[in-house]
Amino acid sequence: MILGVVALCVYLVDQTAKLLVVANLYEGQQFQVLGQLLQFHFVKNAGAAFSIGTGSTWIFSIVGVGVLGFVIWYAPRIRSTAWAVLFGLLLGGLLGNLTDRLFREPGFGVGHVVDFLQIPVLPAIFNLADVAIVSSMVLFLLLTLRGVGLDGRHAPDGDVDPESESVAGDPASESVPGDPVAGEPVAGGPVAGEPTLGEPKQPIANQHDKPQS
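Sequential numbering of the sequence shown, starting at 1, is according to the working numbering.
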């Protein structure tokens, strides 16, 4: 549920922003938004995120479809809210850029992605889908470093051998000082072959004492 909501929000915001950029700016137009911190620079990108790999649009389209299918297939296994947000960001970002590659000019599968965000200190121009994808990668690193599993549980600090753990936790395998050991007589207890206290001793038959006929 959370995964789908996050993915849908990312996708709608990304596509709406791209539609506004295409409708109101011309390609190559550039102007400042937050001074030297952020500016709009409208370009059409034939490559991957941050204008990487221009000229390989078909490859990125195929890879995008494959990753998208994997995310959808793997989604039901997720039980953690944080991991659901991560996959939602990734899914929404992939859908946003894949929509451009499939349905924008110059043609199906080789469409150019609309990029319009630029930080002057960085050489790349990107879009909101790219921001979502990179955010999912950062969140992936944080969750992995913290040892958070897909079910939300934290992984143990050290790997414990399940077999040794079960033996160690078995009361029968733990010996307490003073407990009798199998095969050894108990201190102060009867010895095999000897009568216990209060039991009459049986007379030993003498071989000379034979009954007379």
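Here a beta-carbon is modelled for each residue, glycine too, at the ideal position from N, C-alpha and C.
My assumption, with CB atoms under 8 Å, is that residue i sits in contact with residue j. Please give the rounded CB distance.
i, j, result
"leucine 3", "isoleucine 78", "7 Å"
"glycine 64", "leucine 98", "4 Å"
"lysine 214", "histidine 112", "Residue 214 is absent from the structure shown; the chain starts at 1 and stops at 213."
"glutamine 29", "phenylalanine 42", "5 Å"
"valine 22", "valine 114", "6 Å"
Roughly how many whole angstroms lie between the Cα atoms of residue i and residue j?
i, j, result
"glycine 109", "leucine 89", "22 Å"
"leucine 34", "isoleucine 125", "15 Å"
"leucine 94", "arginine 153", "27 Å"
"asparagine 127", "glycine 96", "10 Å"
"valine 167", "phenylalanine 70", "In this prediction, valine 167 has a pLDDT of 44, which is less than 50 and means its spatial position is unreliable; what the coordinates show is noted afterwards. Between valine 167 and phenylalanine 70, the C-alpha separation is close to 40 Å."
"serine 135", "alanine 129", "10 Å"
"alanine 155", "tyrosine 26", "51 Å"
"leucine 20", "valine 5", "23 Å"
"glycine 103", "alanine 46", "Correcting the residue type first, residue 103 is phenylalanine in the shown sequence and not glycine. Spanning the two alpha carbons is a distance of roughly 13 Å."
"glutamate 165", "glycine 149", "No answer about glutamate 165 holds up, because its pLDDT of 45 lies below 50 and its placement is not dependable."
"valine 10", "alanine 132", "7 Å"
"aspartate 100", "leucine 37", "27 Å"
"glycine 107", "proline 123", "27 Å"
"threonine 16", "tryptophan 73", "27 Å"
"asparagine 24", "glutamate 105", "18 Å"
"leucine 143", "threonine 81", "11 Å"
"glycine 66", "tryptophan 58", "12 Å"
"methionine 1", "phenylalanine 40", "33 Å"
Specify, as a first and last residue, the run of the beta strand (DSSP E) that residue i falls within.
i, result
"asparagine 45", "39-45"
"leucine 117", "113-118"
"phenylalanine 140", "Phenylalanine 140 -> not in any beta strand (DSSP E); alpha helix (DSSP H) instead, spanning 128-146."
"phenylalanine 31", "30-32"
Applying the criterion that 16 or more other CB atoms from any shown protein chain within 10 Å of the CB defines a buried residue, is residue i buried or exposed?
i, result
"valine 138", "exposed"
"arginine 146", "exposed"
"tryptophan 83", "buried"
"leucine 91", "buried"
"isoleucine 62", "exposed"
"aspartate 151", "exposed"
"alanine 7", "buried"
Which residue marks the beginning of the alpha helix (DSSP H) containing residue i, and which one marks its end?
i, result
"glutamine 15", "2-24"
"phenylalanine 103", "81-103"
Item to complete: Take every Cβ of the stretch 118-127, pair it with every Cβ of the stretch 68-77, and state whether three or more of those distances are shorter than 8 Å.
Response: Result no; under three Cβ-Cβ pairs closer than 8 Å.
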